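Asker: I have a structure I would like to understand better, so I am pasting it below and will then ask my questions one at a time.
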Amino acid sequence: MTRKPWGVEFTAHPEEVANLRRLVRHRLTSWGLHELIDTAQLCVSELVSNVVTHVGSGTPGSLEVSVEGAYLRIEVHDPDTRALPTLVAADVDAEGGRGMALIEALTDRWGVQLRESRKVTWCELATGLTPATDRAVDPSVTRAEALLDMYATLRPPTCRYEPGLGRVGRTVAEESVIDVITDFLRWLRAHGSDADDVLDRAQSRCEAAQSGSGR
Numbered sequence: 018m019t020r021k022p023w024g025v026e027f028t029a030h031p032e033e034v035a036n037l038r039r040l041v042r043h044r045l046t047s048w049g050l051h052e053l054i055d056t057a058q059l060c061v062s063e064l065v066s067n068v069v070t071h072v073g074s075g076t077p078g079s080l081e082v083s084v085e086g087a088y089l090r091i092e093v094h095d096p097d098t099r100a101l102p103t104l105v106a107a108d109v110d111a112e113g114g115r116g117m118a119l120i121e122a123l124t125d126r127w128g129v130q131l132r133e134s135r136k137v138t139w140c141e142l143a144t145g146l147t148p149a150t151d152r153a154v155d156p157s158v159t160r161a162e163a164l165l166d167m168y169a170t171l172r173p174p175t176c177r178y179e180p181g182l183g184r185v186g187r188t189v190a191e192e193s194v195i196d197v198i199t200d201f202l203r204w205l206r207a208h209g210s211d212a213d214d215v216l217d218r219a220q221s222r223c224e225a226a227q228s229g230s231g232r
């Protein structure tokens, strides 16, 4: 079955959430992903409501849904790169603050990507589908991508990770990697570790992994 990426623009109002939930239900039904409908609708509700609450009612946004490999990916785009969703521990009686905690509990992974004119808050749900490609996914690369997405929520002025782009996007991603490595080196030195020794060991491990994968 062909599942082409789908998206729709919206204006962030509380009443728009129900319409977006309905559209997602129809889309996932047509894709044969019935078992993910309820969870996906709840994710859409939380992500769009987060825009309404923290960016502002009336904000223009867009919702994009796609199947990437074995995962259903849900993205909500909005123009505010300063209001970043964060995972907080909300009190039981609190009226807000639990949205991203719910996303964390419901999804396999989630993150934030900062782009030149907007931010993208995304989450993924396992579909149980077999990926169309047979190319092996390096778990180290997957972990690095997740770390960079997480880093964007901590260092918004400097970290803008945009996978799959050309030279500009790659340069920005490399700067983000440098920031991550710098922070880890400072952490090592603050705890009395030999940062140069750790770098050497990491380089040796990387080379060994590359040598092993090439056999």
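Letter by letter, the sequence shown follows residues 18 to 232 in the numbering used here.
Cβ atoms here follow ideal geometry from the backbone N, Cα and C, with glycine treated the same way.
Since the model is a prediction, treat every value here as computed from it, not as a measurement.
Residues bridged to Ser-12 by DSSP?
Answerer: Absent from the structure is residue 12, since the part of the chain shown begins at 18 and ends at 232.
Asker: Please list the terminal residues of the continuous beta strand (DSSP E) segment that includes Val-137.
Answerer: Element bounds for Val-137: 136-143.
Asker: What does DSSP give as the partner residues of Gln-130 in its beta bridges?
Answerer: According to DSSP, Gln-130 bridges with Val-137.
Asker: Can you tell me where the beta strand (DSSP E) with Thr-28 in it begins and where it stops?
Answerer: Its beta strand (DSSP E) spans residues 23-28.
Asker: Here's the rule I'm using: 16 or more other beta-carbon atoms within 10 Å means buried, otherwise exposed. How should Arg-38 be labelled?
Answerer: The residue is buried, with at least 16 neighbouring Cβ atoms inside 10 Å.
Asker: Given Pro-96, which residues of its chain have a CB within under 6 Å of its CB, disregarding the five upstream and five downstream residues?
Answerer: Closer than 6 Å at the Cβ level, and outside the excluded window around Pro-96, lie Arg-135.
Asker: Can you round the beta-carbon distance between Ser-74 and Gly-24 to whole angstroms, since I take them to be within the 8 Å contact cut?
Answerer: The pair is not a contact, with the Cβ atoms about 21 Å apart (cut-off 8 Å).
Asker: Less than 8 Å between the CB atoms is what I'm expecting for Val-65 and Ala-122, so what's the real figure, rounded?
Answerer: Not a contact, Cβ separation roughly 18 Å.
Asker: Who does Pro-102 pair with in a DSSP beta bridge?
Answerer: In DSSP, Pro-102 forms no bridge with anything.
Asker: Mind checking who Pro-77 pairs with in its DSSP beta bridge?
Answerer: Thr-28.
Asker: Mark Pro-102 as exposed unless 16 or more other C-beta atoms lie within 10 angstroms of its C-beta, in which case mark it buried.
Answerer: Counting Cβ neighbours within 10 Å, Pro-102 comes out buried, since at least 16 surround it.
Asker: Give me the Cα-Cα distance between Asp-55 and Val-194, rounded to the nearest whole angstrom.
Answerer: Going from the Cα of Asp-55 to the Cα of Val-194 covers about 36 Å.
Asker: According to the neighbour-count rule (16 or more other Cβ atoms, all chains shown, within 10 Å of its Cβ), is Cys-223 buried or exposed?
Answerer: With fewer than 16 other Cβ atoms within 10 Å, it is exposed.
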